[in-house]
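> Handing you this structure, nothing more for now.
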Amino acid sequence: MYPKKIANDTAEVIQNYLTYQAVRVILDQLSETNPKQAIWLRQYTASHNIQKGELFIEGLMGEDKELVMRILKVREYLASEVMEFMPQMVRHRMSQANVEHRRQLLERLTSSSSVSSTSCESENDDSTSNCD
């Protein structure tokens with residue numbers, strides 16, 4: 001296990017996601033204040049891969065530096081607001097999900113073993129076969 005690499009990869013995914021969310025926020029704002037620019041940005045995002053946030057921003061720099069600055073400000077704001085809650089929230093959600101998955105797994109295991117033992121009992125009643 002490589003915790004530092006996993007942490008680095010996770011940070012990159014979060015950074016890309018916050019870039020995506022910043023673009024969505026700006027699109028919503030522009031839809032109300034500057035519909036023409038909102039249409040342009042929507043078309044730009046449709047034709048450029050926003051999943052790689054840094055590459056997306058680098059490409060946008062050649063098109064509209066003002067929008068780039070706006071995206072950078074919004075994603076930095078989102079990061080400061082969101083990251084405060086992330087560690088505790090991720091641990092809690094992961095713990096809750098693990099408990100639920102373990103419960104479902106236990107239910108499946110117990111229902112499988114009770115079904116197989118029930119079929120063994122009925123086979124033992126009908127013939128001399130042995131399920132052991």
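1 is the number of the first residue of the sequence shown in the UniProt record's numbering; add one for each residue after it. Ideal Cβ positions, reconstructed from N, Cα and C, are used throughout, including at glycine.
Rounded to the nearest angstrom, how far is the Cβ of Asn16 from that of Lys52, given a contact under 8 Å?
Taking the first residue of the sequence shown as 1, we reach residue 16 at position 16. Taking the first residue of the sequence shown as 1, we reach residue 52 at position 52. Yes, they are in contact, since the Cβ atoms of Asn16 and Lys52 sit about 6 Å apart, within 8 Å.
> Please classify Arg75: is it buried, with 16 or more other beta-carbons within 10 angstroms of its beta-carbon, or exposed?
Position 75 of the sequence shown holds residue 75. Buried, because 16 or more other Cβ atoms sit within 10 Å of the Cβ of Arg75.
> Give, in chain order, every unbroken run of the alpha helix (DSSP H) that is at least 4 residues long and sits entirely within the segment 38–121.
53–61 and 65–82
> What residue does the alpha helix (DSSP H) around Tyr20 start on, and which one ends it?
For the purposes of this step, residue 20 is identified with residue 20 of the sequence shown, where counting begins at 1. Residues Pro3 to Thr33.
> Exposed or buried, which one is Leu105 when buried takes at least 16 other CB atoms within 10 Å?
Translated into positions along the sequence shown, residue 105 becomes position 105. Flag for Leu105 reads exposed.
> Once you ignore the five residues that flank Met61 on each side, which residues in its own chain have a CB closer than 7 Å to its CB?
Sequence index remark: in the sequence shown, residue 61 carries index 61 (1-based). Answer for Met61: Val68, listed in chain order.
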